[in-house]
Every structure is written in structure tokens, then in C-alpha cells.
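These notes are about the structure you will find just below.
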Amino acid sequence: MTFESTVKIQGQDSFLLGSRDVELALTRTGGMLGPVTFFPRDDEPIQPYAIAPWAQESLPADVPPMLRALRGDWFCSAFGENGEPYRGQRLPPHGETANREWREIDSGETNDGCWLRLGVDMPLQGGVCHATTALLANQSIVYQRHDLSGLTGPINPGHHATLAFPTGQGAARLSFSSLLHARTYVEPTARPEDRGYSWLQTDQQIVDLHAAPCIDGSTTDLCRYPARRGFEDLALLCADPAQEFAWSAVTFPGQRFVWFALRDPKQLASTLLWFSNGGRHFPPWNGRHVNVMGIEDITAYFHAGLAASCRENPLNARGIPTSLRPDVRGRLSIFYLQGVARVPADFDCVADIEGHWRDNSIVLRAASGAAVAVHCHLDFLRTGTLPGLALQ
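392 is the number that full-length UniProt numbering gives the last residue of the sequence shown; the numbers go up by one with no jumps.
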């Protein structure tokens with residue numbers, strides 16, 4: 001187990017945390033998780049997360065810190081563009097947590113694992129966020145809990161995992177746990193007058209993820225990626241809250257691994273899919289952000305921001321939460337885990353993720369019938385605690 005504070009990685013001052021199976025960096029700006037290397041001692045280590053191609057470039061002063069650091073996964077409060085003020089405050093894109101400077105609170109390690117706790121002030125929202133990232137020995141999983149305190153109103157939180165995909169049409173396959181609803185946003189993700197392009201039809205319910213409606217009347221498969229080169233698109237998937245846990249998974253058959261993320265759907269109700277494949281032609285994007293996809297687990301109204309998420313909108317009108325309220329003391333906690341598993345050659349696509357709570361494992365089951373067991377402390381999603389580690 002290792003911890004180091006701080007080293008400049010891909011243009012950003014970063015905290016380092018590592019175990020035998022996972023080595024990760026967390027940026028000081030925005031608290032972004034990335035790069036992350038799974039199985040770093042193997043001949044073929046796995047680095048699933050994307051890092052923006054401008055990471056080490058000099059950018060104009062008006063570029064938000066979040067966009068400068070853009071990489072991996074980060075916690076958003078409040079999630080979205082936040083162009084509209086809420087209660088007189090206009091928050092930065094994806095909130096203060098994604099743009100301000102994080103500081104080390106504490107860290108530690110035992111024979112069971114290691115952890116790092118960072119903190120950031122949220123003066124516009126009147127609160128503080130503490131983020132604890134933990135690794136367990138002999139596991140290829142990153143556990144994270146975010147504890148917010150001092151809040152005086154609702155928030156629309158989210159994790160913004162951003163993955164890099166291999167070149168080749170449909171080289172990876174996506175799958176998700178049981179859904180209640182799926183749809184596109186009421187407006188295009190990008191507009192030609194702004195030097196951006198989108199392909200999905202706006203404001204449409206998606207009945208079949210393999211046949212989402214497009215602007216030319218055709219349909220497209222949202223479960224295979226890369227796809228739709230030259231376009232930026234969003235689709236929102238709303239999880240069934242009755243599940244013990246909700247999951248998202250991406251199978252990379254050519255590289256023989258699966259990336260997965262697990263959550264409590266009562267904490268993070270939906271998954272926003274951001275298909276970013278060269279559809280933005282303004283700086284710093286300039287058409288070069290390609291083969292990237294955000295698999296963003298949120299409780300929010302798409303990317304519209306805090307104000308739109310807190311008022312009545314088409315999702316909460318259907319009973320799908322788009323914001324959360326802290327307790328009477330202004331506190332709220334979000335528990336989340338994401339990891340990687342190697343899979344055999346006949347593992348085509350995740351069909352299900354089974355939870356085995358008693359023996360602390362999950363089983364990835366493929367459509368082909370193949371199965372892979374993964375050590376995973378599932379109870380973390382309920383308690384935010386891990387054996388042998390002081391996470392609170």
C-alpha cells in the first residue's frame with residue numbers, strides 16, 4: 001500500500017494512492033480520479049479512464065478548472081452546466097466540488113487496505129465535502145464515499161465516470177441493471193451554430209436501448225461504442241429503485257476486461273450517458289475528444305443544473321428523483337464503487353451482476369453463459385464502511 005502527496009501527473013498536481021491491484025491519482029483541482037491503473041504489475045495493465053487531450057496544454061484564463069483537469073471520474077455537486085442561478089447563486093459547471101482545490105484531511109493503511117480523505121469548501125452552497133477513497137487488499141475495486149455537511153438546501157449530486165474506448169466501431173458493449181425509463185434531453189446536446197453536432201432525436205422516450213431514435217428517422221444502438229463519429233449526444237437511464245443495487249458495465253471483448261460501477265439507486269437514481277465522439281469543434285475540444293464516453297450516475301435532471309433539478313421537471317413529475325435533501329443537520333452521504341475484472345475470451349457482454357452479500361463478492365454473468373466472480377465488499381453501498389479501515 002502506498003500514499004504520496006502530491007505529484008504532477010498529466011498537467012495536474014495529484015495525490016497518489018496504491019495497492020498491489022490498483023494504483024490511482026486524485027487531482028488537487030476538482031478531486032478527479034485519474035489516471036487509474038488496474039493490475040499494474042501484470043504484463044498488460046488496464047487503464048480504463050479517459051484524460052482530455054489538452055491536459056498538458058496552456059489554456060485561456062476563462063476555461064473552468066473542471067475542464068482544464070478533465071479526466072477519469074469526479075464527484076459533482078451540483079451536477080450539470082449550472083447556467084441558471086439557484087437561490088441567487090450561480091454555481092460553476094458541475095459544482096464547486098469539480099472546480100475548487102481539495103486538501104488532504106488524513107490517510108492511513110492497515111493489512112486490510114488503505115485510504116485517503118480529502119476535503120473541499122463549498123462557500124456558494126454553504127457547506128463542506130469530504131471525499132474518502134479506499135482500496136482493499138487483493139481487490140481491483142475503488143471505493144468512494146462523499147460526505148457533505150453544512151448544506152442548507154437540496155442538491156443534485158453525481159459521479160462523472162469518463163472512459164476511453166478503443167478505436168473500432170462498436171468495439172465495446174454496454175449493459176445496465178433494470179430500468180424504469182430512458183429518454184433523450186429536450187434540446188440538442190450540441191448545436192451547429194455553436195460549432196457542435198448531435199445525432200439523437202431530442203425529447204424522445206427510448207423504449208429499446210438498441211434502437212434509439214435519430215434526427216434522420218433512423219435508429220442507433222446505444223449499447224455499442226464507439227459509434228456516431230462526429231457527434232455529441234446524451235441519453236438518461238433511470239434505474240428501478242427496488243433493486244438492492246444498480247449497476248452499469250462496459251465489456252471490452254478485445255482487451256478481455258469489464259469495467260463496472262455499483263450504487264444504491266436511492267442515492268443515485270439515474271445514469272446519464274455522454275457520447276463524446278468529436279462533435280465539438282470549439283476550443284479546447286476542437287474535434288479531438290473522440291472515443292470517449294461518460295457513464296455518469298446521478299440524481300439530477302440531465303445536465304441542466306441545480307435550478308432545473310430542484311423545480312418540477314419531466315422526470316420528477318414521473319416520480320424519478322432529480323435532487324436530494326440533506327438531513328436536518330445539513331448532512332448527506334453518497335457511497336459508490338467502481339472496478340475492473342479480467343474476463344475469458346468467450347465473455348461477450350455483461351447480462352447480469354449478481355450480488356453475494358454474505359461472502360463479499362459479485363458475479364459477472366455474460367450473455368454467452370460465461371461467468372466471473374469478483375471479490376467486492378457490497379455492504380459498502382449500505383454502510384459506507386470497509387473492514388479494518390477508518391473511513392468515517
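Glycine included, every Cβ here is placed at the ideal spot set by N, Cα and C.
Leaving aside the five residues before and after residue i along the sequence, list all residues of the same chain whose C-beta is less than 7 Å from its C-beta, in chain order.
{"i": "D352", "result": "R365"}
{"i": "W74", "result": "G30, G31, M32, L33, A98, H160"}
{"i": "S198", "result": "P188, T189, A190, F231, E232, D233, G279"}
{"i": "L391", "result": "W115, T132, A134, R145, G384, T385"}
{"i": "P321", "result": "A269, T299"}
{"i": "L91", "result": "A78, N82, L124, L306"}
{"i": "W54", "result": "P284"}
Please name the residue, chosen from the options, that lies closest to residue i on a Cα-to-Cα basis.
{"i": "R103", "options": "A131, N82, A367", "result": "A131"}
{"i": "A172", "options": "V258, L332, D346, R68", "result": "V258"}
{"i": "A25", "options": "W115, W285, P60, D379", "result": "W115"}
{"i": "Q139", "options": "P154, N111, H160", "result": "N111"}
{"i": "A246", "options": "L262, Q10, D43, Q255", "result": "L262"}
{"i": "P64", "options": "G95, P154, P265", "result": "G95"}
{"i": "G319", "options": "D240, E109, P326, Y336", "result": "D240"}
{"i": "residue 397", "options": "G217, G339, Q267, D221", "result": "No information on residue 397 is available, as it lies outside the stretch 1 to 392 that the chain covers here."}
{"i": "F347", "options": "A307, R256, Q338", "result": "R256"}
{"i": "S77", "options": "C223, Q125, S270", "result": "Q125"}
{"i": "K51", "options": "V128, G11, D43", "result": "With the sequence shown as reference, residue 51 is identified as Ile, and Lys is not the correct amino acid for it. Of the candidates V128, G11, D43, the one whose C-alpha sits nearest the C-alpha of I51 is G11."}
{"i": "N156", "options": "G108, L306, R331, L391", "result": "L306"}
{"i": "G150", "options": "L91, R68, G330, G170", "result": "G330"}
{"i": "L222", "options": "R195, L180, Q169, D264", "result": "Q169"}
{"i": "P45", "options": "L209, R342, D359", "result": "R342"}
{"i": "R358", "options": "N313, A367, H375, S218", "result": "H375"}
{"i": "E23", "options": "Y143, R68, P60", "result": "Y143"}
Count the other CB atoms within 10 Å of the CB of residue i; is the residue buried (16 or more) or exposed (fewer)?
{"i": "T299", "result": "buried"}
{"i": "F282", "result": "exposed"}
{"i": "E193", "result": "exposed"}
{"i": "I215", "result": "exposed"}
{"i": "S178", "result": "exposed"}
{"i": "G384", "result": "buried"}
{"i": "T167", "result": "exposed"}
{"i": "Q201", "result": "buried"}
{"i": "N286", "result": "exposed"}
{"i": "P48", "result": "buried"}
{"i": "P85", "result": "exposed"}
{"i": "A345", "result": "exposed"}
{"i": "D62", "result": "exposed"}
{"i": "P387", "result": "exposed"}
{"i": "A308", "result": "buried"}
Does the distance from the C-beta atom of residue i to that of residue j stay below 9 Å?
{"i": "A235", "j": "A190", "result": "no"}
{"i": "S333", "j": "D147", "result": "yes"}
{"i": "R87", "j": "M32", "result": "no"}
{"i": "E296", "j": "F79", "result": "yes"}
{"i": "T97", "j": "V120", "result": "yes"}
{"i": "F231", "j": "V350", "result": "no"}
{"i": "D13", "j": "T29", "result": "yes"}
{"i": "P253", "j": "F165", "result": "no"}
{"i": "D21", "j": "P40", "result": "yes"}
{"i": "T6", "j": "L17", "result": "no"}
{"i": "G294", "j": "L315", "result": "no"}
{"i": "residue 393", "j": "L337", "result": "Given a span of 1 to 392 for the chain in the structure shown, any question on residue 393 remains unanswerable."}
Mind reading off the beta-carbon distance from residue i to residue j? Whole number of angstroms is fine, and I expect it under 8 Å.
{"i": "residue 397", "j": "M66", "result": "Past the edges of the chain, shown from 1 to 392, lies residue 397, and the structure says nothing about it."}
{"i": "L136", "j": "H377", "result": "6 Å"}
{"i": "F176", "j": "D233", "result": "Incorrect: roughly 17 Å between the Cβ atoms, too far for contact."}
{"i": "V250", "j": "L174", "result": "5 Å"}
{"i": "T220", "j": "I206", "result": "So it is not a contact: roughly 10 Å between Cβ atoms."}
Within the same chain, show all residues whose beta-carbon is closer than 6 Å to that of residue i, passing over the 5 residues directly before and after it, in chain order.
{"i": "H303", "result": "G80, E81"}
{"i": "V363", "result": "E354, A371, A373"}
Between which residues of its own chain and residue i is the CB-CB distance below 8 Å, once the five residues before and five after are set aside?
{"i": "R229", "result": "N277, G278, V290"}
{"i": "K8", "result": "S14"}
Does the ligand GDP have even one heavy atom less than 8 Å from the beta-carbon of residue i?
{"i": "N156", "result": "Looking for the ligand GDP in the displayed structure turns up nothing, as the structure carries no ligands at all."}
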